[in-house]
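Engineer:
Residue numbers (mature numbering (1 follows the signal peptide of the UniProt record, and there is no 0)): -17 to -1, 1 to 530.
1) Given residue 269, which residues of its chain have a CB within under 6 Å of its CB, disregarding the five upstream and five downstream residues?
2) According to DSSP, is residue 210 part of a helix, a strand, or is it coil?
3) Less than 8 Å between C-beta atoms, sequence neighbours within five positions excluded: which residues of the same chain meet that for residue 214?
4) Please tell me whether residue 393 and residue 360 are closer than 7 Å, where the distance is taken between their beta carbons.
5) Under DSSP, the alpha helix (DSSP H) around residue 307 begins and ends at which residues?
6) Under 6 Å: does the beta carbon of residue 311 sit that close to some heavy atom of the ligand SAM?
7) By DSSP, does residue 467 sit in helix, in strand, or in coil?
8) Hey, residue 250 and residue 243: beta-carbon distance below 7 Å or not?
9) State buried or exposed for residue 427, treating a residue as buried only when at least 16 other CB atoms are found within 10 Å of its CB.
10) Since residue 100 sits in a beta bridge, which residues does DSSP pair it with?
11) On a Cα-Cα basis, can you pick out the residue from 195, 187, 189 and 158 that is closest to residue 168?
12) Taking only the alpha-carbon atoms, compute the straight-line gap between residue 136 and residue 157 and give it to the nearest angstrom.
13) Skipping 5 residues on each side, what residues in its chain have a beta carbon closer than 7 Å to that of residue 448?
14) For residue 315 versus residue 218, is the C-beta spacing smaller than 7 Å?
15) Three or more C-beta pairs closer than 8 Å, one from the region 177 to 194 and one from the region 271 to 290: is that the case here?
16) For residue 32, report the span of its beta strand (DSSP E) as first-last.
17) Going by DSSP in three states, residue 304 sits in which element: helix, strand or coil?
18) Are residue 445 and residue 483 touching if we call contact CB-CB under 7 Å?
19) Taking 8 Å as the cut-off, does the region 65 to 81 touch the region 18 to 35 (at least 3 CB pairs, one atom from each stretch)?
20) Which stretch, first to last residue, makes up the beta strand (DSSP E) that contains residue 493?
21) Got a sec? Which residues, its chain only, sit under 6 Å from residue 267 by beta carbon, not counting five neighbours each side?
22) When you compare only the Cα positions, how much space is there between residue 410 and residue 325?
23) Where does residue 188 fall in DSSP's three states?
24) Distance check for residue 79 and residue 30, CA to CA, integer angstroms please.
25) In this structure, what does DSSP give as the bridge partners for residue 41?
26) Can you confirm whether the region 105 to 123 touches the region 53 to 65 when touching is taken to mean that 3 or more C-beta pairs between the two stretches lie within less than 8 Å?
27) Is residue 235 closer than 7 Å to residue 291 when the C-beta atoms are compared?
28) Does DSSP put residue 472 in a helix, in a strand, or in coil?
29) Return the bridge partner residues of residue 395 from the DSSP annotation.
30) Under 7 Å, do residue 414 and residue 334 count as touching if we go by C-beta distance?
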């Protein structure tokens, strides 16, 4: 039922003014309800009444007796007042007076339920939030008349999921402010769903849901499942990358969150970085991995202290002994082979040097302090020897560079207790050249001949060689025997370092066979005092007579 106030002002010939205030209860319902609002009456001759104004057709009607009817329910929220002109006319249609103004005020009836602007809200609250912490304010609206108590709204929390623990939150009855009711949210479900209702004085209501996500805070330090791990045993030949063990620390904070993630650290015992930790972020475990080659002789035991801390800082409490663990690792010795100091030796020896001189010492060591035995491989002609335990390499006989300028052999170092454990190195011996070879004439000149009288540019080409290296036998100087007749009749003209021309130095010699000799110094004596020479004879140098 709506309360309708009707104010009626009737003017007759602009002389009489009558004001009428009528309160009418209007029924608001689906079916049309006909209600008598007011009756107006014209004193005098018969008249006809009609209504004019901005209102839906047939919403208001007036009959012959001047009774005004409301023919349909009114809705204040749609239109809260109507201005109606009551027209009075004679039966012939002539207007008797100006229209009478009727103003209909639609009174409010509490017919609207409060509604929320959204059906679902999302908010968060920290795990360590204390009682009274505000998390959200919900506000509903009522379309009834704001000047009445019909719009007064009351809020209630009518549901919580999960149901336990109970009474985690409360909502203020008048303001809609939602606050934490529990002393702490610690240990509760990670998410709560609240049902909030908004209700007016008549009991009309609506509801919304509030989803509260409880934000995990790092208030629990990780705790190792074991305080001590091991002892574990690794042989010193264990491969880099070997997993020693897997450690784990339990964290009571929300699984998968930053507060749950554990950072494992090697706090002590790993100063040489022999080990490393690899964390599995899915399982929150860490594998202890061998990162460097082990050496029993250097270190045979490791005691590692591990710590477990979170990726984010603790907001309450501290890391204690339960957040540390000890890992003990023993290294087992294995018989290792000898190790040589060099992979290749380069040695030089002068040719012809007296045998028995030490030309090199091969040095090695055994990690297990076992004796080392040395031997040679590849010295098929037995030019060298090596000390069985000293590693001293010696010559057994004088060496000739012209026979072989380089010798290569292998020195093998064996474990004195296990010959299958060995190491080897290559030794290259270079023989230094000594000027120990005289030059020699190359070729047979017994069938060679020259013509007499002398032909222009005719000569015998003589060749020599020196078996020494270029330093001692590179350039050869040719000369005739120190004999006046020979030097008068013959001459030598050098071609290059190893060849010269022999020709007549006179226009004519009798035809016959001549024996000519000449020394072959290897190089000039002034530059090389040790230069060697040899006397070579060119026999049967034929001189043929020419016509």
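C-beta atoms are modelled at their ideal positions from N, C-alpha and C, and glycine is treated no differently.
Structural biologist: On the basis of the coordinates in this document:
1) 230, 247, 260 and 262
2) coil
3) 311, 312 and 313
4) yes
5) Residue 307 -> not in any alpha helix (DSSP H); beta strand (DSSP E) instead, spanning 307 to 315.
6) You won't find the ligand SAM in this model; it holds no ligand whatsoever.
7) helix
8) no
9) exposed
10) In DSSP, residue 100 forms no bridge with anything.
11) 195
12) 7 Å
13) 422, 423, 425 and 481
14) yes
15) no
16) 31 to 36
17) helix
18) yes
19) yes
20) Here residue 493 belongs to no beta strand (DSSP E), and DSSP marks it neither H nor E.
21) 245
22) 10 Å
23) strand
24) 8 Å
25) Per DSSP, none; premise fails for residue 41.
26) no
27) no
28) helix
29) 358 and 407
30) yes
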